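K.L.:
Every letter in the sequence shown is one number past the one before it in UniProt numbering, and letter 104, counting from 1, is 104.
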Amino acid sequence: MSQHPLFISGLDLADLVVNSDLLELSCGAIKDLQTEAGSDQQDSCSLSLRYKLDKKSKYTLIAFTTSTLSRKELLQQGGDLVSSKTLMEMDLPVFDFLCTERNRSFSIHRGAITLFKAHFKELSQLKTQIHDSKTGELLRTPLIVTGHSIGGSVASLFTLWLLDNIKRNQPPPKLPLCITFGSPFIGNQGLRQAMLECLTWNSCFLHVVGNKDLFPKTSISHYDSTTQSAIEEYKAFGTFILCSEKGCACVDDLEVVSRLLEITRRQASCEAQEIDYYVEIVNDLKSKVIIRGNSQLDLSYVQPLKAGIILQLEAIGVEMTTQVMSLILDKLHFYIGIDSLPAFIKVTIPWSFDLGFSLSNVKNVMHQDMSKNKLVTYPYEDAPVMHNAASQQQQRKVDNKNLISKLEEREKALMTERVQTMEPRKRLNQIKIKMAHLEWYHKICKTKGIGYYDCYKNQLGSSDRDVTRLKKFLTNYWKNFVEGVERKPQKEGAFIRGTWLYSGRNYRRMVEPLDIAEYYRDSDKRDYQTHGRSRHYILLEQWQEDDDAEKLKSSPNNKKKQNVAGILTEDSCFWAKVEDALISCKLLKSGTSSAVEKQSAKENLDMFEQYAMNQINNYAVSPEIFLKESSFMKWWKTFQEIIETSHDSPLCDFMKNGRYLQYEKGSTFLL
């Protein structure tokens, strides 16, 4: 079966952003702010920071900028990273929410955090100006936060600070958009990981970088050739628009961003650029969107994905002429049917291309010359100019060819990953189908008079063993889900859509009893909740309780009583408590148990009686616990044998009088 052709959309996405006026609006605001600050004396200090809040009817914009002196000094002295632990010591814990169980630390650019801390009081006041005084939420109008160079780094930190304070309401609030121009990377892998685990946050950052601007490239990780270790560990986050005089492209693959910035740093003459550079680039890009020029590269014979990558590289300022010649050479191998070409052809073809020859012209000449047993009229040694440039062209050709191949492979891998994660609801629907199989098993067990839990524990038939495979599949899904939520920043991770909470609750009530059954198959085990319970069950239960605390505390309603016949036991650890109660009964009956063990067992049984009766009163247990062969009824039978005749309790009264037989009908005759 033929596959659909793959495409890359970086050029079109960049054009969409340029055409939206966001870039023009943002860099214009920075330019205006710098003009206003031009004669201000405070900008002569090394920690100067200016900002301007502009509230419009349709949007709110905050622009940040610093003086040239401040930018240079901070960028020169701020090459190292400040850890989250050091931030706490600096009495600046505003970003500690980024730490999670799996991502315990992060680091931030020293220059950026130094400037942020120096102006923390003013930034706090600015923050209050864009929040509603009554609700504490961001203003209704869309918020744009922008900045240039190190001012853009402060804009990123300020936006991150805002994101932590946004409430998770329904409908979801409008998130701020941070647009930076020529800003360096501001954090390490820890910061990137925190951002990537929260896709809504990562999408709030758009970084514009020109190919001739040195500032954003100063933080690119590079390696010491003597120690083979990384000197810097800066990592990018957000989405990047890489620009040159030829065009622009949108790149959201963060590993690729670093590679492309490194390549443009090598190929272009870079220096620190002011905001005027970006104003000019944005205006030029705007005109290119309206009147787009055609690429001089003939890519009609190249597959769409590779052609898109080549055009993207050309747009961001990567010299592609030699690379296209490499592709032509590859085609020539095919056309003339030989495995290698003489060196002088590899020199002549790029030279001919510069004079305007197309691929079809070169192919025709080659066919004609081959029929005459003559390849070309120029011998290699008679082309001195081309010969001198051959080694450099050959190396660049190899570098670019390798780059395109790696980008193509990575894009294909990312496309596959996106397809797998693009529609999580589809995946959840598949899980619901698997759950339906468990529900069928649940009903079959009930007809056997033994119940879901005990049927699986005793492994009476092949269907019980089939359920083991089903349980493993479901558990893997929910463990991965919980791990993904845990990796998110703390406050974001606590916000889970109701659909997943509801499905997670049903999963926990259906599957955890099966894990409990496996745990107590070993007669020596006890206290499942302390020693055997998986962490993902604990967190699913905790999140459900946090989301639905009031409902859990409410008394049973008529609808719940009417539907009690079909409910699942609400406490997924109910059967673990039953098993521990059975163990306590055995300890009391055993003649070898110590006085301490017997006293502890008696106390445990008293607590279990109260617990079980509360569950029954709230219609929180399935009627299957009263099936003749269930573990609960086995416990009751054993418990009757060891209690004194004078023992009286609500549960004993309920069971002895047979009122449990009416439970399935929603009636317990309780006063």
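Beta carbons are placed, not taken as given, at the ideal position from N, Cα and C, and that holds for glycine.
No experiment lies behind these values; they were computed from the predicted model shown.
Can you tell which of Ile150, Pro142, Phe574 has its C-alpha closest to the C-alpha of Ala272?
P.N.:
Ile150
K.L.:
Give a yes or no on whether the C-beta atoms belonging to Ser107 and Ser124 are separated by under 8 Å.
P.N.:
Result no, Cβ atoms of Ser107 and Ser124 do not sit closer than 8 Å.
K.L.:
Grouping DSSP H, G and I as helix and E and B as strand, with all else coil, what is Phe185?
P.N.:
coil
K.L.:
Exposed or buried, what is Met386 when buried is set at 16 or more other beta-carbons lying within 10 Å of its beta-carbon?
P.N.:
Reliability of the predicted coordinates at Met386 is poor, the pLDDT of 42 falling under 50, and the value obtained from them is presented with this limitation in mind. Buried: at least 16 other Cβ atoms inside 10 Å.
K.L.:
Roughly how many angstroms separate the alpha carbons of Ile328 and Leu242, rounded to a whole number?
P.N.:
The pLDDT assigned to Ile328 is 39, lower than 50, so where the model puts this residue is not dependable; a value taken from the coordinates is nonetheless given after this. Cα to Cα, Ile328 sits roughly 27 Å from Leu242.
K.L.:
Along the chain, where does the beta strand (DSSP E) containing Ile144 start, and where does it finish?
P.N.:
143-148
K.L.:
Can you name, in chain order, every residue of its own chain whose Cβ lies under 7 Å from the Cβ of Pro384, other than the five neighbours on each side?
P.N.:
Here Pro384 scores only 42 on pLDDT, less than 50, and its place in the model should not be relied on; the value that follows carries that caveat. Hits under 7 Å: none found.
K.L.:
My output table needs one value for Lys647: the three-state DSSP class, helix, strand or coil.
P.N.:
The question names Lys, but residue 647 in the sequence shown is His. In this structure, His647 counts as coil in the three-state DSSP scheme.
K.L.:
How is Met655 classed by DSSP in three states: helix, strand or coil?
P.N.:
helix
K.L.:
Suppose only complete runs of 3+ residues qualify. What are the beta strand (DSSP E) ranges in the segment 34-120, listed by chain order?
P.N.:
50-55, 60-65, 81-83, 107-109
K.L.:
Using 8 Å for Cβ pairs, my map puts Lys212 next to Leu261. What's the rounded Cβ distance?
P.N.:
With a Cβ gap of about 12 Å, Lys212 and Leu261 do not count as contacting.
K.L.:
Please say whether Leu582 and Ser622 have beta carbons closer to each other than 8 Å?
P.N.:
Cβ distance not < 8 Å, so Ser622 and Leu582 don't count as in contact.
K.L.:
One question on the structure: do Gly449 and Leu627 come within less than 8 Å of each other, judged by their Cβ atoms?
P.N.:
Gly449 is a Cβ neighbour of Leu627, given a cutoff of 8 Å.
K.L.:
Nearest by alpha-carbon distance to Trp201: which of Tyr234, Lys602, Phe158 is it?
P.N.:
Phe158
K.L.:
Per DSSP, Ile241 forms a beta bridge with which residues?
P.N.:
Val208, Cys250
K.L.:
Mind checking whether Glu629 and Asp454 have CB atoms under 8 Å apart?
P.N.:
yes
K.L.:
Does the structure place the segment 139-150 close enough to the segment 60-75 that three or more beta carbon pairs sit under 8 Å?
P.N.:
Segments in contact, yes.
K.L.:
Going by the beta-carbon positions, is the gap between Leu568 and Met510 smaller than 8 Å?
P.N.:
yes
K.L.:
Within 10 angstroms of its Cβ, does Leu359 collect 16 or more other Cβ (buried), or is it exposed?
P.N.:
For Leu359, the predicted model reports a pLDDT of 35, less than 50, meaning its position is unreliable and no value from the coordinates is stated.
K.L.:
For Ile281 and Gln430, I'd like the C-alpha separation in whole angstroms.
P.N.:
48 Å
K.L.:
Using 8 Å as the Cβ pair cut-off and three pairs as the minimum, do the segment 640-655 and the segment 472-486 touch?
P.N.:
no
K.L.:
Quick one: what does DSSP say Cys178 is sitting in, helix, strand or coil?
P.N.:
DSSP places Cys178 in strand when its eight states are reduced to three.
K.L.:
What residues are listed by DSSP as bridge partners for residue 675?
P.N.:
This structure gives no information on residue 675, because the portion of the chain shown stretches from 1 to 671.
K.L.:
Nearest-angstrom Cα distance between Glu545 and Asp571?
P.N.:
12 Å
K.L.:
State yes or no: is the C-beta of Leu587 within less than 8 Å of the C-beta of Glu597?
P.N.:
yes
K.L.:
Could you tell me which residues DSSP pairs with Leu138 in its beta bridges?
P.N.:
His131
K.L.:
With 16 as the cutoff for other CB atoms within 10 Å, does Gly10 come out buried or exposed?
P.N.:
buried
K.L.:
Can you give me the start and stop residues for the alpha helix (DSSP H) that Asp580 sits inside?
P.N.:
574-589 is the span of the alpha helix (DSSP H), which, as asked, contains Asp580.
K.L.:
Nearest to Ser219 by alpha carbon, out of Gly187, Ile179, Glu512?
P.N.:
Gly187
K.L.:
Pairs of beta-carbons, one from the segment 304-318 and one from the segment 242-258, closer than 8 Å: are there three or more?
P.N.:
yes
K.L.:
So Leu98 and Leu191 are supposed to be a Cβ contact under 8 Å. How far apart are they, rounded?
P.N.:
Confirmed, about 7 Å.
K.L.:
What residues match up with Glu271 in a beta bridge as DSSP calls it?
P.N.:
DSSP, once it has assigned bridges, lists Asp213 as partnering Glu271.
K.L.:
How is Arg508 classed by DSSP in three states: helix, strand or coil?
P.N.:
Collapsing the DSSP output to three states places Arg508 in a helix.
K.L.:
Label residue 672 either buried or exposed according to how many other C-beta atoms from any shown protein chain fall within 10 Å of its C-beta, with 16 as the threshold for buried.
P.N.:
Because the chain spans 1 through 671 in this model, residue 672 falls outside it and cannot be assessed.
K.L.:
Is Leu196 closer than 8 Å to Leu162 when the C-beta atoms are compared?
P.N.:
no
K.L.:
Our contact map puts Ala118 next to Leu13 with C-beta atoms below 8 Å; I'd like the distance itself, whole angstroms only.
P.N.:
Incorrect: roughly 36 Å between the Cβ atoms, too far for contact.
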